[in-house]
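S.K.: In order, the protein sequences belong to chains A and B. At position 56 of the first sequence the residue is numbered 436 (our numbering), and the sequence of numbers has no breaks. At position 93 of the second sequence the residue is numbered 727 (our numbering), and the sequence of numbers has no breaks. Think of the CB as a built atom: it goes at the ideal place given N, C-alpha and C, for glycine as much as any other residue.
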Amino acid sequence: MDSVFRAVAVYLVLLVVTRLSGRRTLAEVTVFDFVLLLIIAETTDQALLGDDFSVTNAAIVIVTLAAVDVGLSFVKAWSPKLAMVIDGTPSVVISGGVVDWEALRRARVDIEDVLASAREKHGLKRLDQIDCAVLEVGGAISIIPKAGQEGGGTQG
Amino acid sequence: MQDEAEVKPPVRSDGLQLEENRAFQRWFWMAERIGWAGFAVVIALALSGVTGRGGWLAVAEHRSGAALVEVPRVARRGESTVLRVHFGRTGGRHLLAVGADLLAHFDMLEVTPRPVRSVAAGGGLALQFESAGPPPHGVRLHLRARRAGIAEARIVADGAGVTVRSLILP
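In structure tokens form, the structure reads like this:
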């Protein structure tokens, strides 16, 4: 019984903390972000298992975590509003070539991150070559280049 | 079942087909910042000792006659903690009685110094200690919180009683 409560509590705490930490945290995973993830995993390990290192306990915790996750996916499918709260919505940070500075600031995304994404994914050199940029729910930045700007970014 | 028109996100004026919902985002950005303030509050509470294990609010002091009883205000289930009693009376044997409710919430791991006599009394424990030299004479009860809740117990040190409370966090 205790294992189930532990697993549900840890799941909910991680869900709330990661959601409130914002998408920016995992937008660009640095080496330190990776180390931080490992530390969080190690910290939750003890809270999940307590002092019971039996296979039974581990199985109960794993099954509970998976069940809560599946249950939450059903709840999200049933209630789009709740899904929006849990997953968030994409943020359009550049629309029609116009930068939405408020969205960038509030989502803690630097214009440098947008430019880096434009360079990496489309070989774009400048901001004025970007038509739209979207900070996706998963933390990635999608870039849509202006017509004729795709590929190498040598034009303009 | 939702029909296809309901499921499809609308096409915006810039050509992007996505549901951005800026009003919700503004609300969430605000909630996010309140959440960060909540993180700061949690850290401040932890540093102050309200969540147990150290900090200036971690221990409550109770005067019980000539003795001083130091009780952890907050303990954590499964973790060890210490209850200290400083007897103020000079010389002789000291008597310490611990109420049943404390033992219902805590396992007693060790008592330092070892009592010369221990008696089960009314669900609780009565302990007797030898002492020498000038007071205070300190006794430490090493406890481990067994279950979450509020442990409220009567502690009697050299005949003077005091009621102590300890919150046990899950």
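1) Within 10 Å of its beta-carbon, does E666(B) have 16 or more other beta-carbons around it, so buried, or fewer, so exposed?
2) Whole beta strand (DSSP E) runs in the region 451 to 523 of chain A with 3 or more residues, listed along the chain?
3) With L681(B) and G689(B) assumed to form a contact (beta carbons below 8 Å), what rounded beta-carbon distance in angstroms separates them?
4) With a Cβ-Cβ cutoff of 8 Å, do L650(B) and V472(A) count as a contact?
5) Within 8 Å (strictly less), CB to CB, does S434(A) reach chain B?
6) Work out the CA separation of E482(A) and A520(A) for me, nearest whole Å.
7) So, under 8 Å CB-CB, H720(B) and R780(B) are touching, yes? Tell me the CB distance rounded to an integer number of Å.
8) Going along the chain, which residues of its own chain have a beta-carbon closer than 8 Å to the beta-carbon of L462(A), five neighbours each way excluded?
9) Whose C-beta lies closer than 6 Å to the C-beta of P804(B) among residues of the same chain, with five residues either side of it excluded?
10) Could one say the Cβ of G795(B) lies closer than 8 Å to chain A's Cβ atoms, at least one of them?
11) Answer with yes or no whether the minimum CB distance from L452(A) to chain B is below 8 Å.
12) With a 10 Å radius around its C-beta and 16 neighbouring C-beta atoms as the bar for buried, classify R799(B) as buried or exposed.
13) Per DSSP, which residues does E786(B) bridge with? Please list them.
14) So which residues on chain A does Q659(B) lean against when the C-beta distance must stay under 9 Å?
15) From the DSSP output, in three-state form, read off T746(B) for me.
16) Nearest-angstrom Cα distance between H696(B) and V750(B)?
M.R.: With the structure as the only source:
1) So E666(B) ends up on the buried side.
2) List check, beta strand (DSSP E) in window: 471 to 475, 510 to 515.
3) Between L681(B) and G689(B) the beta-carbon gap is near 6 Å, inside 8 Å, which marks them as a contact.
4) Contact: yes.
5) It does not: the Cβ of S434(A) has no partner Cβ on chain B nearer than 8 Å.
6) Computed Cα separation, rounded: 18 Å.
7) Contact annotation, H720(B) with R780(B): C-beta distance approximately 26 Å; criterion of less than 8 Å not satisfied.
8) Same-chain partners within the cutoff: V455, K456.
9) Listed in chain order, the non-local C-beta contacts of P804(B) below 6 Å within the same chain comprise R711, A782, local neighbours out to five positions each way being set aside.
10) No, because no Cβ of chain A sits closer than 8 Å to the Cβ of G795(B).
11) No, L452(A) does not count as interfacial toward chain B.
12) It is exposed - the Cβ of R799(B) has fewer than 16 other Cβ atoms within 10 Å.
13) According to DSSP, E786(B) bridges with R799(B).
14) Here the neighbours are G468, T469, S471, A483, R486, A487.
15) If DSSP states are grouped into helix, strand and coil, T746(B) belongs with the strands.
16) Across the structure, H696(B) and V750(B) are spaced so that their CA atoms are roughly 25 Å apart.
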